[in-house]
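Add 104 to the 1-based position in the sequence shown for the working numbering, that's all there is to it.
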Amino acid sequence: MKSKLAALARSFRWAGCGVRHCVLHERNFRIHLAAALFVFWLAGALRVETAGFGLLSLAVGGVLAAEMLNTAVEAAVDLASPGRHPLAKLAKDVSAGAVLVMALASVGVGFAVLWRPEGLLALWRALLAHWQPKVLLVIYLALAAWFVFGFGGEKQTPA
Ligand SMILES: Nc1ncnc2c1ncn2[C@@H]1O[C@H](COP(=O)(O)OP(=O)(O)OP(=O)(O)O)[C@@H](O)[C@H]1O
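This is the structure:
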């Protein structure tokens, strides 16, 4: 029993290593994370109901998972085919296309859940009328830019 629990804990640890790698070395993954934070903030500000949060979570999780699978495919292809090969190109392009499809579907989910003209207009008016939201927005944009472009190391494929 103890060794089974240890094996389970180990598998979670390896999964965590995969997430950590993407956060540190995949710029697109960080873009999705920064966008997700904004989407969840917007959903909170618009008082989106629980089901809406569920849909947004599925969409955000789907895009992040697709991005991670794309990274896994790229690493496996580079390992199997260090030189150029049409099948390597096919695998990478289809994998990248899957991320695009998931991202577009998520934009659709985002619109369906967050398109509340009155609420959005009220947020926009609050942004224009007060300095605090402007400062918060600038801080968020600066932190997001640092996180996306300045955080972690260069893209790499582990040896
Ligand atoms: N081993 C390979 N053989 C043939 N074509 C490849 C190979 N590796 C990459 N390509 C192709 O070269 C182009 C650029 O690939 P690259 O791996 O640089 O991806 P990318 O679009 O820059 O994405 P990322 O920044 O996530 O790596 C893509 O069309 C890809 O399919």
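The beta-carbon is built from N, C-alpha and C at its ideal position, and this holds for glycine as well. Keep in mind that this is a model prediction, so the values were computed, not measured.
Discussion item. Going by DSSP in three states, residue 145 sits in which element: helix, strand or coil?
Written reply: Counting from one through the sequence shown, the residue named residue 145 turns up at place 41. Here residue 145 sits in helix by DSSP.
From 202, 165, 124, residue whose alpha carbon lies closest to that of residue 144: Counted from its first residue, the sequence shown places residue 144 at position 40. It is 165 whose Cα lies nearest to the Cα of residue 144.
- What is the rounded straight-line gap between the Cα of residue 193 and the Cα of residue 247? By one-based count along the sequence shown, residue 193 stands at place 89. By one-based count along the sequence shown, residue 247 stands at place 143. Residue 193 and residue 247: Cα-Cα distance of roughly 35 Å.
**Study point:** Alpha-carbon to alpha-carbon, residue 131 and residue 249
**Key:** Numbered from its first residue, the sequence shown carries residue 249 at position 145. Numbered from its first residue, the sequence shown carries residue 131 at position 27. Those two C-alpha atoms are separated by around 11 Å.
Original post:
Is there contact here, the region 169-178 with the region 107-126, by at least three beta-carbon pairs under 8 Å?
Top reply: Between the region 169-178 and the region 107-126, the count of Cβ pairs shorter than 8 Å is three or higher; the stretches touch.
Cβ neighbours of residue 237 in the same chain (closer than 7 Å, five flanking residues each side left out)
Taking the first residue of the sequence shown as 1, we reach residue 237 at position 133. Excluding residues within five positions, the ones whose Cβ falls inside 7 Å are 230, 231.
(request) Check whether the Cβ of residue 167 lies closer than 7 Å to any heavy atom of ligand 1, and answer yes or no. (result) Taking the first residue of the sequence shown as position 1, residue 167 is located at position 63. Residue 167 Cβ: outside cutoff for every heavy atom of ligand 1.
When the distance is taken between beta carbons, is residue 138 closer than 8 Å to residue 213?
Working through the sequence shown from its first residue, we reach residue 213 at position 109. Working through the sequence shown from its first residue, we reach residue 138 at position 34. Taking 8 Å as the Cβ cut-off, residue 213 and residue 138 do not qualify as a contacting pair.
Check: When we look at the beta-carbon of residue 142 and count the other beta-carbons within 10 Å, is it buried (16 or more) or exposed?
Finding: As a position in the sequence shown, residue 142 is number 38, starting the count at 1. Taking all protein chains in view, the Cβ of residue 142 is surrounded by fewer than 16 other Cβ atoms within 10 Å, so the residue is classified as exposed.
Simplified DSSP state of residue 186, which is helix, strand or coil: The residue labelled residue 186 in the question sits at position 82 within the sequence shown. DSSP places residue 186 in coil when its eight states are reduced to three.
Under 7 Å: does the beta carbon of residue 180 sit that close to some heavy atom of ligand 1?
The sequence position of residue 180 within the sequence shown is 76, counting from 1. The answer is no for residue 180.
query: What is the rounded straight-line gap between the Cα of residue 223 and the Cα of residue 200?
result: On the sequence shown, position 119 is the one that residue 223 refers to. On the sequence shown, position 96 is the one that residue 200 refers to. Just so you know, the alpha carbons of residue 223 and residue 200 end up roughly 35 Å apart.
Quiz prompt | Cutoff 8 Å: residue 184 Cβ touching any chain C Cβ | solution = Considering every chain present, this structure includes no chain C. It has just one protein chain.
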